[in-house]
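Residues 73 to 713 (my numbering) make up the sequence shown, in order. By construction, the Cβ of each residue, glycine as well, lies at the ideal position given by its N, Cα and C atoms. Here is the structure we will look at, set down as structure tokens.
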Amino acid sequence: MSAERVLLMGNEAIARGALEGGVAYATGYPGNPSSEILEAMFSFQKEHRIRVEWSVNEIVALEAAAAFAFSGLRSMVTMKQNGLNVAADFLTTVCLNHLRGGMVVAVCDDPGPMTSSNEQDSRHFAKIAQVPLLEPSTSNEAKEMMKWLLGFSEEQGVPCILRSVSRLSHGRGGVTLGEIRRRHAAPFFDTSKPLVGLPFLVTIHHAALLKKMSRIREIFEESPFNGYAGPEAAPFVIMATGLGALYARDAVKALCLDEAIGILKIGTVWPLPNGTVQKYLRQAEAVLFVEEVDPFLEDQVKILYSEHASELAPVRFYGKNTGDIGGPDGPGVGEMNSDIVREALERIFRRPQSCTPNPKIKEAAQWLVPRELSFCGGCPHRASFYAIKVALDLDGRNGFVVGDIGCYGLAAGATGFNQIKMLHCMGSGMGNVSGFSALGSFGFDQPVIAVVGDSTFFHAGLPALVNAVFNRAKGVFIVLDNAVTAMTGFQVNPASPFTAQGEATPPLRAEDIARSVGARTTVLDPVEDIQGAIDALCAALQEEGVRVIVFRRACATFEKKAKDTGWRLKARVDPEKCIGEACGCNRYCSRVLACPSVEYDKEEGKALINEDTCNGCGLCRQLCLQQAISLIDLQEEIKTP
Numbered sequence: 073m074s075a076e077r078v079l080l081m082g083n084e085a086i087a088r089g090a091l092e093g094g095v096a097y098a099t100g101y102p103g104n105p106s107s108e109i110l111e112a113m114f115s116f117q118k119e120h121r122i123r124v125e126w127s128v129n130e131i132v133a134l135e136a137a138a139a140f141a142f143s144g145l146r147s148m149v150t151m152k153q154n155g156l157n158v159a160a161d162f163l164t165t166v167c168l169n170h171l172r173g174g175m176v177v178a179v180c181d182d183p184g185p186m187t188s189s190n191e192q193d194s195r196h197f198a199k200i201a202q203v204p205l206l207e208p209s210t211s212n213e214a215k216e217m218m219k220w221l222l223g224f225s226e227e228q229g230v231p232c233i234l235r236s237v238s239r240l241s242h243g244r245g246g247v248t249l250g251e252i253r254r255r256h257a258a259p260f261f262d263t264s265k266p267l268v269g270l271p272f273l274v275t276i277h278h279a280a281l282l283k284k285m286s287r288i289r290e291i292f293e294e295s296p297f298n299g300y301a302g303p304e305a306a307p308f309v310i311m312a313t314g315l316g317a318l319y320a321r322d323a324v325k326a327l328c329l330d331e332a333i334g335i336l337k338i339g340t341v342w343p344l345p346n347g348t349v350q351k352y353l354r355q356a357e358a359v360l361f362v363e364e365v366d367p368f369l370e371d372q373v374k375i376l377y378s379e380h381a382s383e384l385a386p387v388r389f390y391g392k393n394t395g396d397i398g399g400p401d402g403p404g405v406g407e408m409n410s411d412i413v414r415e416a417l418e419r420i421f422r423r424p425q426s427c428t429p430n431p432k433i434k435e436a437a438q439w440l441v442p443r444e445l446s447f448c449g450g451c452p453h454r455a456s457f458y459a460i461k462v463a464l465d466l467d468g469r470n471g472f473v474v475g476d477i478g479c480y481g482l483a484a485g486a487t488g489f490n491q492i493k494m495l496h497c498m499g500s501g502m503g504n505v506s507g508f509s510a511l512g513s514f515g516f517d518q519p520v521i522a523v524v525g526d527s528t529f530f531h532a533g534l535p536a537l538v539n540a541v542f543n544r545a546k547g548v549f550i551v552l553d554n555a556v557t558a559m560t561g562f563q564v565n566p567a568s569p570f571t572a573q574g575e576a577t578p579p580l581r582a583e584d585i586a587r588s589v590g591a592r593t594t595v596l597d598p599v600e601d602i603q604g605a606i607d608a609l610c611a612a613l614q615e616e617g618v619r620v621i622v623f624r625r626a627c628a629t630f631e632k633k634a635k636d637t638g639w640r641l642k643a644r645v646d647p648e649k650c651i652g653e654a655c656g657c658n659r660y661c662s663r664v665l666a667c668p669s670v671e672y673d674k675e676e677g678k679a680l681i682n683e684d685t686c687n688g689c690g691l692c693r694q695l696c697l698q699q700a701i702s703l704i705d706l707q708e709e710i711k712t713p
């Protein structure tokens with residue numbers, strides 16, 4: 073009987089590999105493009121008796137997973153590239169102790185980026201921590217690598233990293249399902265072998281780790297995750313990692329260079345299998361590197377070549393460092409793709425372009441309507457940032473907002489009235505406030521408001537809040553509490569009323585924590601009481617010390633998905649009252665709110681509400697200058713004869 077083959081997203085394949093590899097515990101922090109790995113694991117937990125949790129942040133997730141590994145069971149941690157920064161402190165120390173069970177960090181990088189504040193290349197962390205890293209090219213290979221790494225990690229006693237990227241994580245491919253490994257060992261922590269990182273032990277443990285990595289490098293020389301395709305002694309070799317191997321294959325075929333170019337795919341990226349690489353350096357006259365994002369492989373191979381230059385013939389290298397391969401923004405920036413590789417080969421081989429752009433694509437592009445990114449229909453953040461805008465205008469001291477990544481980060485654009493003026497990593501806005509406050513002794517007098525989501529507040533905001541209170545800072549912290557981690561797919565967090573297993577639990581309240589450290593707090597619903605929100609902000613801006621305001625209203629999109637509300641409330645426009653272009657702010661409701669449900673009919677010169685997308689939050693009704701918008705309960709309307 074042949075093995076079952078299914079179509080899986082890359083992240084789903086990674087989850088399946090963990091299951092086949094005997095994982096007992098899976099945890100992480102949600103962040104695109106990694107979130108679906110753990111979401112898939114949740115569907116396995118009951119049938120296969122594994123434990124799956126969302127952790128409050130990435131370092132806590134890694135610390136929890138290590139407890140399983142040190143007790144003899146296998147564990148997996150998921151995160152995006154930004155999260156590996158958060159987990160780095162523990163990663164670079166836990167590797168110094170021997171694991172009894174396997175532990176794999178599945179990190180998903182976001183070249184481009186699509187949903188991130190940087191395009192960090194996580195491969196560097198493998199070198200910093202001295203832990204093995206594998207990078208798959210396909211969904212099936214992602215599954216196989218995860219399965220293999222769990223066993224390999226346990227065998228070698230060292231944590232391992234599986235690195236994916238957005239296109240692989242969210243793309244789909246054929247996956248051959250294997251047997252699911254059942255665990256048998258009972259967990260046990262051996263107290264006779266303490267695991268401590270005292271300074272006088274560090275060098276001993278570090279030396280042991282380097283010996284492990286030397287053995288692992290030898291093992292990687294025979295790894296099936298590395299492979300060569302092409303002429304036996306090709307003078308031109310492409311060395312590629314991850315999706316780069318597929319892009320290279322497509323480009324070589326498009327230019328009919330199959331007989332002239334060989335492709336060396338390296339799946340065991342760190343430690344680099346030096347012997348395998350040297351074999352192809354000996355035959356090659358030229359080498360092109362294809363990888364995302366940084367020239368990581370390129371640097372390692374060039375170092376290797378320089379160390380053995382006396383025994384190797386001259387080789388011409390083409391890559392990101394040489395400027396020979398790069399997208400529209402240059403080498404080392406953005407995603408790789410087949411066209412970029414093809415264009416590099418065309419220049420190197422002086423070949424004409426293999427194809428010309430389809431003129432119909434250019435023709436169609438002119439008809440596409442440009443749209444800015446926008447909050448969802450009914451999103452409470454729209455009301456929150458409207459209140460912030462009005463309050464800062466009324467204050468009149470050129471105050472501004474600092475924030476961080478999350479749904480609310482869109483407020484740096486028109487959908488949030490361009491209010492966020494500084495945005496970096498999770499929780500950074502709250503930390504920025506302490507710095508701006510300290511500028512007061514240098515004559516700085518602009519009010520500063522920091523916004524943070526509920527999940528981010530627990531992830532990275534707590535230390536910043538404590539720091540601000542302790543250092544007697546002045547500023548306003550706004551916690552945008554919508555009860556879920558909305559941006560990454562509605563995962564639970566400590567502000568949610570239920571756990572990841574669906575069990576009811578008392579949500580932790582940001583205001584209780586803020587009050588416990590000495591900050592004054594206010595809680596309100598910015599949609600139901602927009603004027604109250606404005607008044608609270610105006611008052612807070614005049615106060616000394618740290619003031620925390622919690623704007624609490626559930627994520628509208630999550631409510632629609634999770635609850636049987638029937639979505640009966642809809643906004644309606646009274647055409648007799650709506651004055652369209654003559655409105656005091658030039659079709660105020662549609663232009664200012666930027667709500668995707670509020671439209672403008674140019675022919676009628678009136679505002680319209682799209683009932684298919686409207687969820688009746690009522691913010692447009694509250695802000696309508698002509699009182700031309702009302703809320704209708706559709707269920708009651710249907711009952712009326």
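For residue i, the three-state DSSP class (helix, strand or coil)
i	result
Cys-627	coil
Glu-325	The amino acid occupying residue 325 in the given sequence is Lys; Glu does not appear at that position. Note: Lys-325 maps to helix in three-state DSSP.
Phe-114	helix
Gln-563	strand
Cys-479	helix
Asp-182	coil
Met-498	coil
Met-81	strand
Gly-89	helix
Ala-679	strand
Tyr-300	strand
Leu-270	coil
Ser-54	Shown here, the chain extends from 73 to 713; a query on residue 54 therefore has no answer.
Ile-397	coil
Ala-611	helix
Leu-537	helix
Thr-712	Low per-residue confidence applies at Thr-712: pLDDT is 37, beneath 50, and the placement is therefore not dependable enough to give any value.
Cys-650	coil
Glu-444	coil
Ile-704	strand
Leu-234	strand
Burial state of residue i (16 or more Cβ within 10 Å)
i	result
Pro-713	With a pLDDT of 32 at Pro-713, under the threshold of 50, the predicted position of this residue should be treated as unreliable, and no value is reported.
Met-498	buried
Leu-629	A small fix is needed here, since residue 629 is Thr in this sequence, not Leu. Result: buried.
Lys-36	Any property of residue 36 remains undetermined from this structure, which presents the chain solely from 73 to 713.
Cys-63	Beyond the ends of the chain as shown, which are 73 and 713, falls residue 63; an answer cannot be given.
Ser-513	exposed
Ala-455	buried
Lys-265	exposed
Thr-577	exposed
Leu-282	exposed
Gly-468	exposed
Ser-211	buried
Beta bridge counterpart(s) of residue i as assigned by DSSP
i	result
Lys-632	The partner list for Lys-632 (beta bridge, DSSP) is empty, contrary to what the question assumes.
Trp-342	Leu-205
Met-175	Ser-147
Met-311	Leu-336, Phe-361
Val-405	The partner list for Val-405 (beta bridge, DSSP) is empty, contrary to what the question assumes.
The beta strand (DSSP E) enclosing residue i, as first and last residue numbers
i	result
Gly-525	520-525
Phe-142	Where Phe-142 is concerned, there is no enclosing beta strand (DSSP E), although the alpha helix (DSSP H) it sits in stretches over 130-142.
Glu-671	670-673
Ile-550	547-553
Residue range of the unbroken alpha helix (DSSP H) whose run includes residue i
i	result
Ala-159	153-166
Glu-418	410-421
Phe-368	368-379
Lys-642	Counting along the chain, Lys-642 falls outside any alpha helix (DSSP H), though it belongs to the beta strand (DSSP E) covering 641-645.
Leu-691	691-695
Leu-222	211-228
Ala-586	582-588
message: Would the segment 149-169 count as touching the segment 121-130 if we require 3 or more Cβ pairs under 8 Å?
response: yes
- Three or more C-beta pairs below 8 Å linking the segment 402-412 and the segment 360-368: yes
- Query: Between the segment 100-117 and the segment 80-87, do three or more beta carbon pairs fall short of 8 Å?
  - Reply: yes
Original post:
How do the segment 561-576 and the segment 98-111 stand: do at least 3 beta-carbon pairs fall below 8 Å, yes or no?
Top reply: yes
Taking three-plus beta-carbon pairs below 8 Å as touching, is the segment 227-236 in contact with the segment 175-185?
yes
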